[in-house]
Amino acid sequence: MALRPTTLVTLGFIVLALVCLALGDFEISAHDPWRSIGQLLLGLIQPDFSSVDSLSQALLRTVAFAFVGVGLGAGAGMLLALCFHRWWVRTFSAFIRAIHELFWALIFLQSFGLHPVTGVLAIAIPYAGIFAKVYAEMLDETDPLPLDVLPRRAGRFSKLVYARISQAWPHLVSYTAYRLECGLRSSAVLGFVGMPTIGYHLMAAFAQGHYSTVGALLLVFYLLIGTLRWWVRPRLLPVYLLVAPFLLGTGLPIMWSNVARFFSEDIVPAPLRRGEGLAALWEWFAQLFMNQALPGIWNTLLLTQIALVATGVLALALFPVISRHFTGRASGMAGHVMLVVMRSTPEYMLAFILLQLWGPSMLPAVVALALHNGGIIAHLVGRRSNELQLRQDAPRGVDRYTYEMVPRLYGPFLALLFYRWEIILRETAILGILGIATLGFYVDSAIQEIRFDRAMVLILITALINIGVDVLARRLRGYLRLRHGVNRQQC
Amino acid sequence: MSDFVLKDAEAHYGATRVLGPLSIRIAAGERVALIGKSGAGKSTLLSLMFDRWQAQNVALMPQALGLVDTLSVFHNVYMGRLDRHPWWRNLVTLARPWRRDIDEIVALLDEVGIGEKRWAPCGELSGGQRQRVAAARVLYQQGDLLLADEPVSALDGPQASHVMAKLTQGYPRSVLAMHDLELALAFCTRIVGLKEGAIVLDAPSETLSSAALQDLY
Chain X
1 MALRPTTLVT LGFIVLALVC LALGDFEISA HDPWRSIGQL LLGLIQPDFS SVDSLSQALL
61 RTVAFAFVGV GLGAGAGMLL ALCFHRWWVR TFSAFIRAIH ELFWALIFLQ SFGLHPVTGV
121 LAIAIPYAGI FAKVYAEMLD ETDPLPLDVL PRRAGRFSKL VYARISQAWP HLVSYTAYRL
181 ECGLRSSAVL GFVGMPTIGY HLMAAFAQGH YSTVGALLLV FYLLIGTLRW WVRPRLLPVY
241 LLVAPFLLGT GLPIMWSNVA RFFSEDIVPA PLRRGEGLAA LWEWFAQLFM NQALPGIWNT
301 LLLTQIALVA TGVLALALFP VISRHFTGRA SGMAGHVMLV VMRSTPEYML AFILLQLWGP
361 SMLPAVVALA LHNGGIIAHL VGRRSNELQL RQDAPRGVDR YTYEMVPRLY GPFLALLFYR
421 WEIILRETAI LGILGIATLG FYVDSAIQEI RFDRAMVLIL ITALINIGVD VLARRLRGYL
481 RLRHGVNRQQ C
Chain A
1 MSDFVLKDAE AHYGATRVLG PLSIRIAAGE RVALIGKSGA GKSTLLSLMF DRWQAQNVAL
61 MPQALGLVDT LSVFHNVYMG RLDRHPWWRN LVTLARPWRR DIDEIVALLD EVGIGEKRWA
121 PCGELSGGQR QRVAAARVLY QQGDLLLADE PVSALDGPQA SHVMAKLTQG YPRSVLAMHD
181 LELALAFCTR IVGLKEGAIV LDAPSETLSS AALQDLY
């Protein structure tokens, strides 16, 4: 029997992941991992809200950074979207979104320091690249007829606003609101590199072993994201956007001489700075590539492939918990809550927590990536399954799962998984900052050693790999003819 | 005001010629009805005319109407005159329209019988209501020539006559693709019959009867 292309690709990915699994390091090195997990769970059950001051402060900063960052990103993204037909705008957007928020934060930390500008730009820049692409697609999808019937001499701006933006408006708004949720997660995670958001307090609480404070912070974070649709109202948005810049805090003052030196000297490759010529530059680059970039790339790809397959397995196993074909009202609710918690927790935060519990290896990273991404894909596939109509005498239980559901959902499932491939890779690279030897680890080390030129080259390499995987995933989707409904949920 | 003339015009779909070559002149005061079986080339001729003449002062009411579903009835009508105002005024109008514009547009909407829907998004309207919004838009737009494709196909008896009267009075010239022969004869001064992409009939309407036109079908 000849294997179908989807089966072939699936098997290929599984075999590749198994090979990677054999090559990677998956040891639990912590002293007593179960005790730590128990402590954390206890902290979640008995959260300590007593440090209300710092808690509300952390919350406020998290929201403020998210609003200002996403707001600026959306504005800039719209401007880019309007000239998206130019190739250099598309390339530029692809490039800025290929670099993760945390990398941007690391870059700006070295120049602007612990100033709010660092956090705001770290969110705004990559988000602008994403907004540009999605906004441009949404504007392209509008009906061209209203534009045709407009008076010919109407101004370009008026035409644009009345005939294109107005049509796309509901999509633009709902996507931007969705991105705001992503922005809250990004903002929380920026705390891990020193911004005054939830991540910072989480790290501090862990360091001091205050598990009940950790529990409180996590619960407040879930509450913040879970209630988003009640407090983020289109009418209130302008108010939030106006107020948010004043709630960022002051941070440390910007040293402009630092900024100038960073961009004019620090990031220039050392041999060029010292005027040693092209041969020396090549030598420098070759060294960097062989000793840091290559191992980093290797580990990043290894981890990505394992995490991708683990994500897929988890998503296929979990989508029934929110599918009406498998659950009743109450169990469906419980399933929803579970998936919300899974997908609301940023990978970085999860990986940080698991690293504390299990000690450094690839295991926490894979589990964190699989839980977060699996939660998202399970949610989307489950929702898709709810659109299916089964005949009344359809089989039940496992037979229903294997005969009625999976065959119908496998195509969309694969499409979604390939969409997340690039995102998983982005995240894998970044998890290196936590000490797993992916690209982020080498970037972070270079920054610790104050070798910003190396850090920049490594970040550029990461961005290029991101773009490469994105292209590959698009090819694969084309080859498998996976048509997707418009899915832009990607953070 | 130049005349509107097509000379040996053709339209192609891929390699096949679907229309023409045909010539036609629309003089001031003429109200032309295009009639013919579906597929005879009425819509093709209208869009060809729009293509050729759009540099002149032409308003178009296509069969699909071209409304923006997410905007209100008022704003869809206002779009007819986007070219008369600077961009910032159009932008402000999106959030808060001028009283003067509201009065003028609501008067127009009242004439076609949907004044009370002025602030409803077009996406919420029925087919007949949408058609009247599009009619109000071209009435508001004004110009030297109106090109309309089945402008009253979704309206019933008296309402159809009423909107037809408004449309034909609102422009010094008009070309309307019609399938209702009675309406065409009642409101147009000239009937142009199309068959397989060619003009097979071109006569003043007072010389024709609805029975005579049946031959075209």
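Residue numbers (the UniProt record's numbering), protein chains in the order written: chain X, 1 to 491; chain A, 1 to 217.
Glycine is no exception: its CB is placed at the ideal position from the N, C-alpha and C atoms.
C-beta contact flag for residue i and residue j at 9 Å
| i | j | result |
| --- | --- | --- |
| G215 (chain X) | A132 (chain X) | no |
| L302 (chain X) | G24 (chain X) | yes |
| M349 (chain X) | G199 (chain X) | yes |
| A134 (chain A) | M164 (chain A) | no |
| P116 (chain X) | L248 (chain X) | yes |
| L150 (chain X) | A163 (chain X) | yes |
| R118 (chain A) | L109 (chain A) | yes |
| residue 498 (chain X) | V366 (chain X) | Summary: the structure shown does not reach residue 498 (chain X), with chain X confined to residues 1 through 491, and so no result is reported for it. |
| G73 (chain X) | P144 (chain X) | no |
| R420 (chain X) | N466 (chain X) | no |
| T311 (chain X) | L431 (chain X) | no |
| V68 (chain A) | S166 (chain X) | yes |
| L80 (chain X) | A136 (chain X) | yes |
| R81 (chain A) | Y140 (chain A) | yes |
Within-9 Å CB hit, residue i to chain A
| i | result |
| --- | --- |
| D444 (chain X) | no |
| P170 (chain X) | yes |
| Y135 (chain X) | no |
| Q57 (chain X) | no |
| Y419 (chain X) | no |
| D53 (chain X) | no |
| S166 (chain X) | yes |
| A94 (chain X) | no |
| A163 (chain X) | yes |
| D143 (chain X) | yes |
| T7 (chain X) | no |
| V486 (chain X) | Interpretation of V486 (chain X) is limited by its pLDDT of 47, a score under 50 that renders its predicted location unreliable; the figure taken from the coordinates is listed afterwards. No, V486 (chain X) lies away from the interface with chain A (no Cβ there is under 9 Å from its Cβ). |
Secondary structure of residue i, DSSP reduced to three states
| i | result |
| --- | --- |
| W282 (chain X) | helix |
| E10 (chain A) | strand |
| D202 (chain A) | strand |
| L21 (chain X) | helix |
| P21 (chain A) | strand |
| M164 (chain A) | helix |
| S174 (chain X) | helix |
| G485 (chain X) | Legend: pLDDT at G485 (chain X) = 49, less than 50; position of this residue unreliable, value from coordinates given subsequently. Coil. |
| Q153 (chain X) | The question names Gln, yet the displayed sequence has Arg at residue 153 (chain X). Looking at R153 (chain X) - three-state DSSP - the assignment turns out to be coil, as it is neither helix nor strand. |
| I28 (chain X) | coil |
| P47 (chain X) | coil |
| L171 (chain A) | Sequence check: residue 171 (chain A) is Tyr here, not Leu. Correct three-state label for Y171 (chain A): coil. |
Opposing strand residues paired with residue i [DSSP bridges]
| i | result |
| --- | --- |
| residue 278 (chain A) | Outside the shown range of chain A (1 to 217) lies residue 278 (chain A), about which nothing can therefore be said. |
| V58 (chain A) | A:L145 |
| S72 (chain A) | A:P121 |
| F4 (chain A) | A:I26 |
| V192 (chain A) | A:L34, A:D202 |
| T16 (chain A) | A:Y13 |
Chain X contact for residue i (CB, 9 Å cutoff)
| i | result |
| --- | --- |
| V5 (chain A) | no |
| A59 (chain A) | yes |
| A135 (chain A) | no |
| Q141 (chain A) | yes |
| D69 (chain A) | yes |
| Q131 (chain A) | no |
| G36 (chain A) | no |
| R118 (chain A) | no |
| R173 (chain A) | no |
| W87 (chain A) | yes |
Quiz item: Listed in chain order, which residues of the stretch 145 to 157 of chain X have Cβ atoms closer than 9 Å to some Cβ of chain D?
Solution: No chain D is part of this structure, whose protein chains are labelled X and A.
Quiz item: On the three-pair Cβ rule with 8 Å, is the stretch 272 to 292 of chain X touching the stretch 345 to 359 of chain X?
Solution: no
Exercise. Kindly confirm or deny that the stretch 123 to 135 of chain A and the stretch 65 to 73 of chain A touch, where touching means at least three C-beta pairs closer than 8 Å.
Key: yes
Self-check item: Validate contact between the stretch 43 to 60 of chain X and the stretch 326 to 342 of chain X using beta carbons, cut 8 Å, 3 pairs
Solution: no
Quiz item: When the Cβ atoms of the stretch 6 to 15 of chain A are set against those of the stretch 47 to 66 of chain A, are three or more pairs found closer than 8 Å?
Solution: yes
Exercise. Count the CB pairs spanning the stretch 250 to 260 of chain X and the stretch 104 to 124 of chain X that are closer than 8 Å, and state whether there are at least three.
Key: yes
Quiz item: How about the stretch 217 to 236 of chain X and the stretch 37 to 55 of chain X: do they share at least three Cβ pairs that are nearer than 8 Å?
Solution: yes
Exercise. Would you check if there are 3 or more beta carbon pairs closer than 8 Å linking the stretch 152 to 163 of chain X to the stretch 277 to 286 of chain X?
Key: no
Exercise. Taking 8 Å as the threshold, find out whether the stretch 144 to 153 of chain A comes into contact with the stretch 56 to 65 of chain A through three or more Cβ pairs.
Key: yes
Quiz item: Can at least three beta-carbon pairs, one atom from the stretch 27 to 42 of chain A and one from the stretch 79 to 91 of chain A, be found at a separation below 8 Å?
Solution: no
Quiz item: At a cut of 8 Å, does the stretch 86 to 93 of chain X reach the stretch 232 to 243 of chain X through at least three beta carbon pairs?
Solution: no
Exercise. Mind the definition here: the stretch 93 to 103 of chain A touches the stretch 10 to 25 of chain A only if three or more C-beta pairs lie below 8 Å; say whether that holds.
Key: no
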